[in-house]
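J.: Every number in this note's numbering is 225 more than the matching position in the sequence shown, counting from 1.
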Amino acid sequence: MNSSQKIKRKFRPEIEGLRSVAAILVAVYHIWFGNISGGVDVFFVVSGFLITTSLLNMYERKGNVDGIEFLLRLGKRLFPLAFSVLIFVVISGFYFLPQTQWDVIIEEVWASMLYLENWQLASNSVDYLAQNNVASPVQHFWAMGTQFQFYIIWTIVLIALSVLAKKSGIAIRKLLFPTIIAMFLLSLIYSIYITSINQPWAYFDTFARVWEFATGSILSLIIVKISFNKVTNWVIGWLGLFGLISCGLILQVGAMFPGYAALWPVMAAVMILVAGESGGRFGVHRLLSAKPLVKFGSISYGFYLWHWPLLVIYYNIFESESVPVFHGLLIMVLAAISSFLTTILFEKPIRKKKIKPKTKLALILFGSAFPVIILTGSWTWHLKDIQSEAVKVEINNTDHPGAFVMATDVEFHSDEPFIPITANAKYDFPESYKDGCHQEMEKSEVIMCEYGEVDNPDYTVALVGGSHSAHWLAPLENYAHENNIKILNYTRSACRFSSESYLLTTKLDQQTCAEWNDGVMKELIAKEPDMVFTTADATEWKGIPKGYVDQWETLDDNDINIFAVKDNPRADFNVPTCVEKNGVAANECELKNDLEDLTRDIKELEINNVYYADLTDKFCGKEVCKPVIGNVLVYQDDSHLTKTYAETLTPFLGEELTRALNHFYR
Numbered sequence: 226m227n228s229s230q231k232i233k234r235k236f237r238p239e240i241e242g243l244r245s246v247a248a249i250l251v252a253v254y255h256i257w258f259g260n261i262s263g264g265v266d267v268f269f270v271v272s273g274f275l276i277t278t279s280l281l282n283m284y285e286r287k288g289n290v291d292g293i294e295f296l297l298r299l300g301k302r303l304f305p306l307a308f309s310v311l312i313f314v315v316i317s318g319f320y321f322l323p324q325t326q327w328d329v330i331i332e333e334v335w336a337s338m339l340y341l342e343n344w345q346l347a348s349n350s351v352d353y354l355a356q357n358n359v360a361s362p363v364q365h366f367w368a369m370g371t372q373f374q375f376y377i378i379w380t381i382v383l384i385a386l387s388v389l390a391k392k393s394g395i396a397i398r399k400l401l402f403p404t405i406i407a408m409f410l411l412s413l414i415y416s417i418y419i420t421s422i423n424q425p426w427a428y429f430d431t432f433a434r435v436w437e438f439a440t441g442s443i444l445s446l447i448i449v450k451i452s453f454n455k456v457t458n459w460v461i462g463w464l465g466l467f468g469l470i471s472c473g474l475i476l477q478v479g480a481m482f483p484g485y486a487a488l489w490p491v492m493a494a495v496m497i498l499v500a501g502e503s504g505g506r507f508g509v510h511r512l513l514s515a516k517p518l519v520k521f522g523s524i525s526y527g528f529y530l531w532h533w534p535l536l537v538i539y540y541n542i543f544e545s546e547s548v549p550v551f552h553g554l555l556i557m558v559l560a561a562i563s564s565f566l567t568t569i570l571f572e573k574p575i576r577k578k579k580i581k582p583k584t585k586l587a588l589i590l591f592g593s594a595f596p597v598i599i600l601t602g603s604w605t606w607h608l609k610d611i612q613s614e615a616v617k618v619e620i621n622n623t624d625h626p627g628a629f630v631m632a633t634d635v636e637f638h639s640d641e642p643f644i645p646i647t648a649n650a651k652y653d654f655p656e657s658y659k660d661g662c663h664q665e666m667e668k669s670e671v672i673m674c675e676y677g678e679v680d681n682p683d684y685t686v687a688l689v690g691g692s693h694s695a696h697w698l699a700p701l702e703n704y705a706h707e708n709n710i711k712i713l714n715y716t717r718s719a720c721r722f723s724s725e726s727y728l729l730t731t732k733l734d735q736q737t738c739a740e741w742n743d744g745v746m747k748e749l750i751a752k753e754p755d756m757v758f759t760t761a762d763a764t765e766w767k768g769i770p771k772g773y774v775d776q777w778e779t780l781d782d783n784d785i786n787i788f789a790v791k792d793n794p795r796a797d798f799n800v801p802t803c804v805e806k807n808g809v810a811a812n813e814c815e816l817k818n819d820l821e822d823l824t825r826d827i828k829e830l831e832i833n834n835v836y837y838a839d840l841t842d843k844f845c846g847k848e849v850c851k852p853v854i855g856n857v858l859v860y861q862d863d864s865h866l867t868k869t870y871a872e873t874l875t876p877f878l879g880e881e882l883t884r885a886l887n888h889f890y891r
């Protein structure tokens, strides 16, 4: 590389100021708007800009790219603060966060420590039951994971190109520029595509974000050739800052990014970087280079790491859905102080200390994760101990009668602990989930499993629909064993037995759900079960959805009968968490009994093959629905029944099933 091609290392104070603005925007939008600002996208652009400059400088200085040295140097800057925050999360989570969230937090702490949190969240985005998880205090580590993964990718690319440059005699810049352009285009095309069909996954997908880093990398190579006059730099600089600040106000970032929408904050960052210090006396750099912003820029990384867990802890302590201005400012001040202290105490001493050889440095860096490993491992063991020590009792006994208390004057010891405990609630689901017989979201393949009396049954009943059909499997199977019935299980998460898509957020899920419904219908027509068990409605919708009726009519045309059970009440909060925080008798944990009677709707249908069952009185009194009934926790989350409570419904569901079979066949 000749002197004219050198990328000079020069401290640019406006970049520190830009980092400060981006970090503050992230916190402000999280705290007061419950939204996403686009500030993280600015971090990605700046990271791409700086890492390319740094790696090329290393190549110029040493004649090669030493990937190990570079990544260890990054580790000296990144690991101490990150692991300090993780230690805080583990300790504060143990004392301040409910047990219903512990397993999720522990899982995500491990992922964050390995810089894989983005993939953990991507996986959860297509896990229907995991979608009910509240935001964990380490959720924001997804950006750190994405960033570090890009660092590794980019280091490998630069190493490969440096070797190729030496062997071919071609200047590394001539190899690097087309490589970055190709990565930019491929990633952007992929990002637009995956965002259009599966945005929740795309948001955390590293490969859908590479183009943002590549934008900064491209700019680092060509910025010395970009020259505008003072007025132009003044205009684009301020337009860039305005675009950055307004992005989250105008766009629904969390629902639209990355894709083409992320070009907004990315180009805003590019405009500010291009304007540089050439905007004159009133250029944007004068604001961004102000000492307070530059100073804050040095702790902006730590500020980003600290603000989110402090906010999550605040929400749990104050049980509030909004943050007053003063409290929000206090959170930001605490985040800044925490960042400053951990930077001074942990990050700076390690970063400035010259440690050789590399092996020793690596041991020190990875050894800094040791406290996180010990604390998280201890927390994991403690949670497993709590879960394993939960009392295992037979349902329908004098201590835990469940739904029986809604129908008869059952005497039971109401002071006994309820089951399942809140920490186990989310795992108290039907056997079909454990057997691999319940299809996942975004899958169209039809999975069928047999339950009950599979040999020489008197009747065959097909259980069909989404998770609200699936949670009836336990009482249905109990009834099947008692009455020589075979069950064909056809269930899929977030996919109701319907000709229309309801509440599906991605095109991929809409498409696969429709394909799954078509496949199930073909199997039902081919197998001709005596009755199809499904839900009659969805409690968040008024009446019987048209898509349900379409399916029923198709079954009627093929002489297949339907047992349609009314959907159970739903909460707008996590019931086990509410019970853990407020107690069994708390009014805050009750659900309103405002469900409509569908009897008239069913009668008005010109379909003769539908038997309607309403078991609402086994969940609710006249006005409210209790979260714990007969010492049994009713819900796993906000709407799904625990298997334990569902089993106590066996005799009541059985009465309706017997009536239905008698109605159709006797």
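Don't be surprised by glycine CBs; every beta carbon is placed ideally from N, CA and C. No experiment lies behind these values; they were computed from the predicted model shown.
Is it right to say Ser228 is buried, meaning 16 or more other beta carbons lie within 10 angstroms of its own, or is it exposed?
T.: In the sequence shown, the residue the question calls residue 228 occupies position 3. With a pLDDT of 38 at Ser228, under the threshold of 50, the predicted position of this residue should be treated as unreliable, and no value is reported.
J.: Could you check where the alpha helix (DSSP H) with Gly522 kicks off and where it finishes?
T.: Translated into positions along the sequence shown, residue 522 becomes position 297. Start and end: Lys516 to Gly522.
J.: Assign His888 to buried or exposed, taking buried as 16 or more other Cβ atoms, counted over all protein chains shown, within 10 Å of its Cβ.
T.: Residue numbering aside, residue 888 sits at position 663 when the sequence shown is read from its first letter. That one is exposed.
J.: Could you tell me the alpha carbon to alpha carbon distance between Met226 and Glu239, rounded to whole angstroms?
T.: Here residue 226 refers to the residue found at position 1 when the sequence shown is read from its first residue. Here residue 239 refers to the residue found at position 14 when the sequence shown is read from its first residue. Reliability of the predicted coordinates at Met226 is poor, the pLDDT of 40 falling under 50, and the value obtained from them is presented with this limitation in mind. Rounded to the nearest angstrom, the two C-alpha atoms are 28 angstroms apart.
J.: Is it a yes or a no for the region 558-578 touching the region 525-538, going by three-plus beta-carbon pairs under 8 angstroms?
T.: With a cut-off of 8 angstroms, the region 525-538 and the region 558-578 count as touching, because enough Cβ pairs lie within range.
J.: Could you tell me which uninterrupted beta strand (DSSP E) segments, each at least 3 residues in length, are contained entirely in the region 801-878, listed from first to last along the chain?
T.: Qualifying beta strand (DSSP E) stretches, in chain order: 835-838.
J.: Would you call the region 595-608 in contact with the region 802-822, where contact means no fewer than 3 C-beta pairs closer than 8 angstroms?
T.: Short answer: they don't touch.
J.: State the Cα-Cα distance for the pair Tyr526 and Ala248, rounded to the nearest angstrom.
T.: Start at 1 with the first residue of the sequence shown, and residue 526 comes out as number 301. Start at 1 with the first residue of the sequence shown, and residue 248 comes out as number 23. Between Tyr526 and Ala248, the C-alpha separation is close to 8 angstroms.
J.: Output the distance between the C-alpha atoms of Gly522 and Leu243, rounded to the nearest integer angstrom.
T.: Residue mapping note: residue 522 aligns to position 297 of the sequence shown, counting from 1. Residue mapping note: residue 243 aligns to position 18 of the sequence shown, counting from 1. Between Gly522 and Leu243, the C-alpha separation is close to 8 angstroms.
J.: Should Gln372 go down as buried or exposed, given a rule of 16 or more other Cβ atoms within 10 Å for buried?
T.: By one-based count along the sequence shown, residue 372 stands at place 147. Under this definition Gln372 is a buried residue.
J.: Return the CA-CA distance between Ala480 and Ser718, expressed in angstroms with no decimal places.
T.: By 1-based counting over the sequence shown, the position of residue 480 is 255. By 1-based counting over the sequence shown, the position of residue 718 is 493. Answer to the nearest angstrom: the Cα atoms are 21 angstroms apart.
J.: Please go through the same chain and pick out, in chain order, the residues whose beta-carbon is closer than 7 angstroms to the beta-carbon of Ala360, but skip the five residues on each side of it.
T.: By 1-based counting over the sequence shown, the position of residue 360 is 135. Answer for Ala360: Val537, listed in chain order.
J.: Which whole-angstrom value is the C-beta distance of Leu780 and Leu749, which I expect to be below 8 angstroms?
T.: Residue mapping note: residue 780 aligns to position 555 of the sequence shown, counting from 1. Residue mapping note: residue 749 aligns to position 524 of the sequence shown, counting from 1. Leu780 to Leu749, Cβ: 7 angstroms. Contact.
J.: Taking buried to mean at least 16 other C-beta atoms within 10 Å of its own C-beta, is Met408 buried or exposed?
T.: Indexing the sequence shown from 1 puts residue 408 at position 183. Buried, because 16 or more other Cβ atoms sit within 10 Å of the Cβ of Met408.
J.: Can you grab the Cα-Cα spacing for the pair Thr567 / Val809, in whole Å?
T.: For the purposes of this step, residue 567 is taken as the residue at position 342 of the sequence shown. For the purposes of this step, residue 809 is taken as the residue at position 584 of the sequence shown. Cα to Cα, the separation comes out at about 41 angstroms.
J.: CA-CA distance, Leu410 and Leu339?
T.: Here the question's residue 410 lines up with position 185 in the sequence shown. Here the question's residue 339 lines up with position 114 in the sequence shown. In a straight line, the C-alpha of Leu410 is about 29 angstroms away from that of Leu339.
J.: Inspect the beta-carbon positions of Cys720 and Gln664 and report whether they are closer than 9 angstroms.
T.: Taking the sequence shown and counting its residues from 1, one reaches residue 720 at position 495. Taking the sequence shown and counting its residues from 1, one reaches residue 664 at position 439. Result yes, Cβ atoms of Cys720 and Gln664 sit closer than 9 angstroms.
J.: Measuring straight from C-alpha to C-alpha, what distance separates Asp683 and Glu707?
T.: If you number the sequence shown from 1, residue 683 lands on position 458. If you number the sequence shown from 1, residue 707 lands on position 482. C-alpha separation (whole angstroms): 11 angstroms.
J.: Would you mind sorting Gln324 into buried or exposed? The rule is 16 or more other CB atoms within 10 Å of its CB.
T.: As a working note, residue 324 is residue 99 in the sequence shown. Looking at its Cβ environment, which holds 16 or more other Cβ atoms inside 10 Å, Gln324 is buried.
J.: Under the rule that 16 or more other beta-carbon atoms within 10 Å means buried, what is Ser452, buried or exposed?
T.: As a first step, residue 452 must be located in the sequence shown, where it is residue number 227. That one is exposed.
J.: Using only CA atoms, which one of Ile644, Gly744, Ile672 and Phe629 lies nearest to Thr869?
T.: Locating residue 869 in the sequence shown gives position 644, where the first residue counts as 1. Of the candidates Ile644, Gly744, Ile672 and Phe629, the one whose C-alpha sits nearest the C-alpha of Thr869 is Ile644.
J.: For the candidate residues Glu872, Ala838, Leu866 and Lys847, whose alpha-carbon lies nearest to that of Glu881?
T.: Reading the sequence shown from its first residue, position 656 is the one you call residue 881. Taking only the C-alpha atoms, the option nearest Glu881 is Ala838.
J.: Measuring CB atoms only, is the region 459-469 touching the region 387-398, in the sense that at least three cross pairs come out at less than 8 angstroms?
T.: Touching, no, given that fewer than three Cβ pairs across the two stretches are closer than 8 angstroms.
J.: Would you call the region 653-670 in contact with the region 825-841, where contact means no fewer than 3 C-beta pairs closer than 8 angstroms?
T.: Cβ pair count under 8 angstroms is below three, so no.
J.: For Lys752, count neighbouring Cβ atoms within 10 angstroms of its own Cβ and tell me buried if that reaches 16, exposed if not.
T.: Numbered from 1 along the sequence shown, position 527 holds the residue referred to as residue 752. Exposed, because fewer than 16 other Cβ atoms sit within 10 Å of the Cβ of Lys752.
J.: For Asn621, does the three-state DSSP call read helix, strand or coil?
T.: Position 396 of the sequence shown holds residue 621. In this prediction, Asn621 scores a pLDDT of 47, lower than 50, which makes its location untrustworthy; the coordinate-derived value is nonetheless stated afterwards. Of the three classes helix, strand and coil, the one that applies to Asn621 here is coil, per DSSP.
J.: In chain order, what residues of the same chain have a beta carbon less than 7 angstroms from the beta carbon of Leu386, not counting five sequence neighbours either side?
T.: Translated into positions along the sequence shown, residue 386 becomes position 161. Cβ within range, chain order: Ile397, Leu400, Leu401 and Thr404.
J.: Just list the alpha helix (DSSP H) runs in the region 431-503, keeping only unbroken ones of 4 residues or longer that don't cross its boundaries, in chain order.
T.: DSSP runs (the alpha helix (DSSP H)) wholly in the region 431-503: 435-447, 455-475, 478-481 and 488-500.
J.: Which whole-angstrom value describes the C-beta separation of Tyr220 and Phe482, a residue pair presumed to lie in contact below a C-beta threshold of 8 angstroms?
T.: Because the chain is modelled from 226 through 891, residue 220 falls outside the range shown and cannot be assessed.
J.: With DSSP as the reference, label Tyr284 as helix, strand or coil.
T.: Here residue 284 corresponds to residue number 59 of the sequence shown, with the count starting at 1. It is helical.
J.: Ordered along the chain, which non-local residues of its own chain (more than five positions away) have a Cβ less than 8 angstroms from that of Ile381?
T.: Numbered from 1 along the sequence shown, position 156 holds the residue referred to as residue 381. Counting only Cβ-Cβ distances below 8 angstroms, and skipping sequence neighbours, we find Gly292.
J.: In three-state DSSP terms, what is Arg511?
T.: Numbered from its first residue, the sequence shown carries residue 511 at position 286. Note: Arg511 maps to helix in three-state DSSP.
J.: Whose C-alpha, out of Leu296, Asn649 and Asn541, is nearest the C-alpha of Leu866?
T.: Sequence index remark: in the sequence shown, residue 866 carries index 641 (1-based). Closest by alpha carbon: Asn649.
J.: Does the structure place the region 275-284 close enough to the region 436-451 that three or more beta carbon pairs sit under 8 angstroms?
T.: Flag = yes, the region 436-451 and the region 275-284 touch.
J.: If you scan the region 626-668 from start to end, which runs of the alpha helix (DSSP H) of 4 or more residues do you find wholly inside it?
T.: Complete alpha helix (DSSP H) runs here, min 4: 656-659.
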